[in-house]
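See below for the structure under consideration.
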Amino acid sequence: MINPESEKYDRSEDNFRFQLRELQLREQDLEGKRILDIGAGWGDFAKKVKEKKIPGEIINLEPIIRPQKEVPRGFVAGIAQELPFPADTFDLVISTGSIPRLFFNFKDEAVRKENTIWALEEALRVVKPGSKIRMGRTDWRIGEEQIEPLRIGYLRDELPQIVQEFCAQNKCEVISVTPTLIIEKKLE
Ligand SMILES: C[S@@+](CC[C@H](N)C(=O)[O-])C[C@H]1O[C@@H](n2cnc3c(N)ncnc32)[C@H](O)[C@@H]1O
Numbered sequence: 237m238i239n240p241e242s243e244k245y246d247r248s249e250d251n252f253r254f255q256l257r258e259l260q261l262r263e264q265d266l267e268g269k270r271i272l273d274i275g276a277g278w279g280d281f282a283k284k285v286k287e288k289k290i291p292g293e294i295i296n297l298e299p300i301i302r303p304q305k306e307v308p309r310g311f312v313a314g315i316a317q318e319l320p321f322p323a324d325t326f327d328l329v330i331s332t333g334s335i336p337r338l339f340f341n342f343k344d345e346a347v348r349k350e351n352t353i354w355a356l357e358e359a360l361r362v363v364k365p366g367s368k369i370r371m372g373r374t375d376w377r378i379g380e381e382q383i384e385p386l387r388i389g390y391l392r393d394e395l396p397q398i399v400q401e402f403c404a405q406n407k408c409e410v411i412s413v414t415p416t417l418i419i420e421k422k423l424e
């Protein structure tokens, strides 16, 4: 094991492995896909996919407050609740440590729900019919055991209910909620 303080330590490799586990994906599942990573952070996931020469394309979405021409290559500025892409664009939509983690920070339950639904609507709009949305619940620095009770309440109780209700009213099927949120967009 390499000491995280050493120069040889590759944070993005650890994070990539963590994200694959969280999203219940194997490297070969990514091949040839056009993927949207919502709340991509430093773009670790896309960086590793490129380094490993896995064919395909990953767009990193981050709320970057800069003109688009100054946004780094491979990144698009935007937020989960209003995605700047046309419908049916991606073969896979992923989000690790972002949605739904972002929304448990809102103190008001109605606000948490509203934002979660906006993000689900948008992810469902941009993913292609028959393709999946996969969302990990925590990020690699914070295990679920370290999350405070109010936030765990959102993940364990509120989120499953919101997702089930959402797919009952929209063209999607809930494949799983725990430990990974996996939703498939129904074919037209
Ligand atoms: C904990 S980090 C996770 C980063 C990366 N996915 C990872 O696992 O390393 C959460 C990210 O979500 C981004 N974020 C915050 N609000 C957002 C929003 N409304 N829509 C999309 N991304 C958002 C933050 O800028 C941050 O980079």
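So for the sequence shown, our numbering puts the first residue at 237; every next one is plus one.
Glycine included, every Cβ here is placed at the ideal spot set by N, Cα and C.
Environment of residue i [buried if 16+ CB atoms lie within 10 Å]
| i | result |
| --- | --- |
| E358 | buried |
| K368 | buried |
| N341 | exposed |
| K407 | exposed |
| T332 | buried |
| K343 | exposed |
| G279 | buried |
| K422 | exposed |
| A282 | buried |
| G366 | exposed |
Host beta strand (DSSP E) of residue i (start-end)
| i | result |
| --- | --- |
| G333 | It is not in any beta strand (DSSP E) - G333 carries neither H nor E in the DSSP assignment. |
| P373 | Going by the sequence as given, residue 373 is Arg instead of Pro. Taken as a continuous stretch (DSSP letters only), R373 belongs to no beta strand (DSSP E), as it is neither H nor E. |
| I315 | Careful: I315 lies outside any beta strand (DSSP E) and carries neither H nor E. |
| V410 | 408 to 412 |
Enclosing alpha helix (DSSP H) for residue i [first to last residue]
| i | result |
| --- | --- |
| D250 | 247 to 259 |
| L395 | 395 to 405 |
For residue i, three-class secondary structure by DSSP
| i | result |
| --- | --- |
| I290 | coil |
| D341 | Looking at the sequence shown, residue 341 is not Asp but Asn. If DSSP states are grouped into helix, strand and coil, N341 belongs with the helices. |
| I383 | coil |
| K284 | helix |
| K422 | coil |
| R348 | helix |
| G366 | strand |
| E267 | coil |
| I295 | strand |
| I300 | coil |
| T416 | coil |
Would you call the segment 299 to 308 and the segment 342 to 362 in contact, with 3 or more CB pairs under 8 Å?
no
Tell me whether the segment 287 to 305 and the segment 407 to 418 touch, counting them as touching only if at least three CB pairs, one residue from each stretch, are closer than 8 Å.
no
Evaluate contact between the segment 262 to 277 and the segment 414 to 421, counting only Cβ atoms and requiring at least three cross-stretch pairs below 8 Å.
no
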